Structures are given as C-alpha cells and as structure tokens.
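Here the structure is laid out as structure tokens; the discussion comes afterwards.
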Amino acid sequence: MQSPTELRRIALAHDGVFTAADARAAGLDRAAVARRVASGTWSREARGIYTVADHPVTERTKVRLAVLRVGPHAVLSGVASVWWQGLADAPPRTVTVSVPRGHHRQDHPGVHLRYRRLDDADVLVRSGLRVTALPLAVLEASLEESISVVDNALLRRRVSMRQLRDATARQTGTPDAPGLRRVLDALGSGARSEAERRAVSILEKAGIEGWIANHPTEGYSADLAFPGRHLIVEIDGFAHHRDADAFQYDRKRRNDLLAAGWTVLNFTWADITERSDDVATRIRSALTAKG
2 MQSPTELRRI ALAHDGVFTA ADARAAGLDR AAVARRVASG TWSREARGIY TVADHPVTER
62 TKVRLAVLRV GPHAVLSGVA SVWWQGLADA PPRTVTVSVP RGHHRQDHPG VHLRYRRLDD
122 ADVLVRSGLR VTALPLAVLE ASLEESISVV DNALLRRRVS MRQLRDATAR QTGTPDAPGL
182 RRVLDALGSG ARSEAERRAV SILEKAGIEG WIANHPTEGY SADLAFPGRH LIVEIDGFAH
242 HRDADAFQYD RKRRNDLLAA GWTVLNFTWA DITERSDDVA TRIRSALTAK G
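Residue 2 is where the sequence shown starts when you use my numbering, and the numbers rise one by one after that.
Dropping the structure here:
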C-alpha cells in the first residue's frame, strides 16, 4: 500500500493529476477523498480524476486531463503525441485522442476523437500517459501539419526510416494509409530530411556520382558519403541543432570522422536552397582534390 505522501509524489510527477485508483492504492477511501475535495486541497476534474490544488495548471496538465477524461483506453495521438514526447515546442491547438471502435461517443471540448484500433507496437506509455509511439506520431503529424515534423524527428535521430516504414505498413487498410505512403514516397531518395533530399537533387542535376545516402561510417550514419574518396557531405536541415545535446553529439561525430581520415563538408539549409550551384562546385572541387 502506498502512503498519502507517495500519492502526492505521483501527482506532482504527473502534472498535478492523480486518479481514484491512485488514492485507493494510498489507503484513502471515498470519504477521505471527499473530505480533501471539500477542503480545497484537491479538485475533482472528472469522475475518478483529481488534481492537487497547489500545482499550477500547465499545458501538460490540460493535455493529461483531456486524455484521462476520455477513458482508460484513450491514446494521445498525432501532433499532440509529438509535443508530449518533446519534438514540438508549441502545445497542440487540438488534442487528438485515439479510442477503440465502439467506444461511447461523447463530446469532449478541445478534443478530437479518432475511432480506430492501434497495434500494440504503436502504443506506449510516456510520463504515465498512453501515447502513440513516435514513428506513427510523426507520420500522422506530418499529415496534420507538414513533412518538417518527420524531418525534425529524423534529424534528431528519434526515429529511423525502417521504423517509419514499419509504422506505415501497420496502417494498411486505414483511411490514413494513402497519406502516410505519400510521406514515405517523399522520403524515397534514402535521404532523411527535406534538406538532404534537396542535396540529392543538386548532386543528380550536377551529374555527381559515387555517393551513398545514410552510409554507415565509423559507427555513424553519414548523410551523403563518397566511400571511394573518403568524402562526407553533412546537411544541417532547418530543424538542426535545436538543443545542446544535439550540438555536442554532432561536434563529437565530426571530430571522430576527421580523425579517421574523412573530409567532411557541411552545408546549411540556406546553402542548399539559395546557393545550390556553389554547393555543387564545392563538392566537385573536394572530389577532385581527393583524387
């Protein structure tokens, strides 16, 4: 049995939210819960769902409550799931929640319900809340917003192309399947991001050959590699270096590649989109210098 102190710890770890089941596990019966609600220590948000009064109502609190109000089988989905898992800065305008077919239809303000069956591989628990796994979440978010959502996840190495393909395959026969396949088709060059796909287009237009996208190199995955010339082209997409950890990782990665004898060229989103001729010239010059 948990203690009331442990219950408070759970609530604070869950954005100030706890359930009647949590309270029972802490040894508190209905009367004890009712007394705390009456005293203003706790607030009843819905049947079996409570918040502690001294915790601020944050965006995460609102989203958690929105999902819990729908029911125990609810799964946070799409853009909201991407945000919950730390891959979007702004909280979702609408909270998309998936529920099994046959779920009682009821309106929930600010919540968009999707009635469908999700594969077990596409559902996980993050911070005590059921959410769609990132591969499916970013794919669906790309349909709601733009392909930059997928780019962000790929650039930060939170998902892989194989995971995206597997998640799409599990959606075969669903209304979203054609749209998800279009997202995969847009990624079809083998390059991970929109910036990398544009770089591939520059190479093809310039007639530069001998490169491999996402080539395993010295324990890393090189964006574009010319293995025969020991040359790597790294593309910093428009979602690049959004946090200190990613910046540190890329600095170590570059140093390791240089130490192993590779020449590394880095190009930015602006280089790719505004100075494509210069990009092609620099790559060709580096290849010539490498013999």
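A virtual CB, placed ideally from N, CA and C, is assigned to each residue, including glycine.
As the structure is a computational prediction, the values presented were derived from the model and not from experiment.
### Query
In or out: residue 17 buried (at least 16 other Cβ within 10 Å) or exposed?
For this step, residue 17 is matched to residue 16 along the sequence shown. The Cβ neighbour count for residue 17, taken over all protein chains shown within 10 Å, is at least 16; the residue is labelled buried.
### Query
Considering only C-alpha positions, which residue in the set 282, 287, 260 is nearest to residue 229?
Locating residue 229 in the sequence shown gives position 228, counting from the first residue. When only C-alpha atoms are compared, the closest one is 287.
#### Entry: Test item: CB-CB of residue 202 and residue 133 under 9 Å
Taking the first residue of the sequence shown as position 1, residue 202 is located at position 201. Taking the first residue of the sequence shown as position 1, residue 133 is located at position 132. No.
### Query
Of all the options 223, 24, 166, 177, which has the alpha carbon lying nearest to the alpha carbon of residue 50?
Mapped onto the sequence shown, residue 50 falls at position 49. For residue 50, the closest of 223, 24, 166, 177 by C-alpha to C-alpha distance is 24.
### Task
Drop a sphere of 10 angstroms on the beta-carbon of residue 146, count the other beta-carbons inside from all chains shown, and report buried for 16 or more, exposed for fewer.
Position 145 of the sequence shown holds residue 146. Looking at its Cβ environment, which holds fewer than 16 other Cβ atoms inside 10 Å, residue 146 is exposed.
### Task
Label residue 58 either buried or exposed according to how many other C-beta atoms from any shown protein chain fall within 10 Å of its C-beta, with 16 as the threshold for buried.
In the sequence shown, counting from the first residue as 1, residue 58 sits at position 57. Looking at its Cβ environment, which holds fewer than 16 other Cβ atoms inside 10 Å, residue 58 is exposed.
### Message
Does residue 52 pass the burial test, meaning 16 or more other C-beta atoms within 10 Å, or should it be called exposed?
### Response
The residue given as residue 52 occupies position 51 in the sequence shown. Within 10 angstroms of the beta-carbon of residue 52 lie 16 or more other beta-carbons, which makes it buried.
### Task
Have a look at residue 42 and residue 55 and give me their C-alpha separation to the nearest angstrom.
Looking up residue 42 in the sequence shown gives position 41. Looking up residue 55 in the sequence shown gives position 54. For residue 42 and residue 55, the gap between their C-alpha atoms comes out near 8 Å.
### Task
Give the range of the alpha helix (DSSP H) segment to which residue 217 is assigned.
For the purposes of this step, residue 217 is taken as residue 216 along the sequence shown, with counting starting at 1. For residue 217, no alpha helix (DSSP H) run applies; the uninterrupted beta strand (DSSP E) run containing it begins and ends at 213-218, by DSSP.
### Message
Using a Cβ distance threshold of 8 Å, determine whether the segment 114-125 contacts the segment 147-164, with at least three qualifying pairs required.
### Response
Touching, no, given that fewer than three Cβ pairs across the two stretches are closer than 8 Å.
### Query
Beta carbon of residue 162, beta carbon of residue 155: below 9 Å?
The sequence position of residue 162 within the sequence shown is 161, counting from 1. The sequence position of residue 155 within the sequence shown is 154, counting from 1. A contact, by the Cβ cut-off of 9 Å.
### Query
If you pair each beta-carbon of the segment 59-72 with each one of the segment 31-39, do three or more pairs fall below 8 Å?
Counting Cβ pairs under 8 Å, fewer than three are found: no touch.
### Task
Spatial neighbours of residue 11 within its chain, please: CB distance less than 7 Å, with the 5 preceding and 5 following residues excluded, ordered by chain position.
Start at 1 with the first residue of the sequence shown, and residue 11 comes out as number 10. Only 19, 23 meet the Cβ criterion.
### Query
Is residue 284 buried or exposed, if buried means 16 or more other CB atoms sit within 10 Å of its CB?
Here the question's residue 284 lines up with position 283 in the sequence shown. Buried is the call here.
#### Entry: Three-state class that DSSP yields for residue 201 in the structure shown
Taking the sequence shown and counting its residues from 1, the one referred to as residue 201 is at position 200. Looking at residue 201 - three-state DSSP - the assignment turns out to be helix.
### Beta carbon of residue 268 nearer than 9 Å to that of residue 233
In the sequence shown, the residue the question calls residue 268 occupies position 267. In the sequence shown, the residue the question calls residue 233 occupies position 232. Going by C-beta atoms, residue 268 is not nearer than 9 Å to residue 233.
### Query
Would residue 77 pass as a contact of residue 47 if the rule is Cβ separation under 9 Å?
Position 76 of the sequence shown, counted from the first residue, corresponds to residue 77. Position 46 of the sequence shown, counted from the first residue, corresponds to residue 47. Result no, Cβ atoms of residue 77 and residue 47 do not sit closer than 9 Å.
#### Entry: Helix, strand or coil at residue 96 [DSSP, three-state]
Start at 1 with the first residue of the sequence shown, and residue 96 comes out as number 95. For residue 96, the three-state secondary structure derived from DSSP is strand.
### Query
Quick one: what does DSSP say residue 308 is sitting in, helix, strand or coil?
The question about residue 308 has no answer here: the residues shown for the chain are numbered 2 through 292.
### Residue environment, residue 4, which counts as buried when at least 16 other CB atoms sit within 10 Å
The residue labelled residue 4 in the question sits at position 3 within the sequence shown. Flag for residue 4 reads exposed.
### Reference residue 137; option with closest CA among 96, 224, 166
Counting from one through the sequence shown, the residue named residue 137 turns up at place 136. When only C-alpha atoms are compared, the closest one is 166.
### Same chain, Cβ closer than 7 Å to residue 255, five either side skipped, listed in chain order
Here residue 255 refers to the residue found at position 254 when the sequence shown is read from its first residue. Contacts found: 265.
### Message
In the DSSP output, what is residue 250 paired with across the bridge?
### Response
Position 249 of the sequence shown, counted from the start, is the residue given in the question as residue 250. None, per the DSSP bridge assignment.
### Message
Are the CB atoms of residue 141 and residue 79 within a distance shorter than 9 Å?
### Response
Position 78 of the sequence shown, counting from 1, holds the residue named residue 79. Position 140 of the sequence shown, counting from 1, holds the residue named residue 141. Yes. Within cutoff.
### Task
Leaving aside the five residues before and after residue 85 along the sequence, list all residues of the same chain whose C-beta is less than 8 Å from its C-beta, in chain order.
One-based indexing of the sequence shown puts residue 85 at position 84. Excluding sequence neighbours, residue 85 sits near 61, 64, 77, 127, 128, 130, 132.
### Task
Give the straight-line distance between the Cα atoms of residue 241 and residue 74, rounded to the nearest whole angstrom.
For the purposes of this step, residue 241 is taken as residue 240 along the sequence shown, with counting starting at 1. For the purposes of this step, residue 74 is taken as residue 73 along the sequence shown, with counting starting at 1. Residue placement at residue 241 is poorly supported in this model, since its pLDDT is 44, which falls under 50; the coordinates still yield a value, given next. Approximately 36 Å, taken between the alpha carbons.
### Query
Which whole-angstrom value describes the C-beta separation of residue 373 and residue 103, a residue pair presumed to lie in contact below a C-beta threshold of 8 Å?
Outside the displayed range of the chain (2 to 292) lies residue 373, so it cannot be described from this structure.
### Query
If you draw a straight line from the C-alpha of residue 185 to the C-alpha of residue 168, how long is it?
The residue you call residue 185 lines up with position 184 of the sequence shown. The residue you call residue 168 lines up with position 167 of the sequence shown. Going from the Cα of residue 185 to the Cα of residue 168 covers about 11 Å.
### Task
Measuring alpha carbon to alpha carbon, tell me which of 99, 278, 231, 175 ends up nearest residue 125.
Position 124 of the sequence shown, counting from 1, holds the residue named residue 125. When each option's Cα is compared against that of residue 125, the closest is 99.
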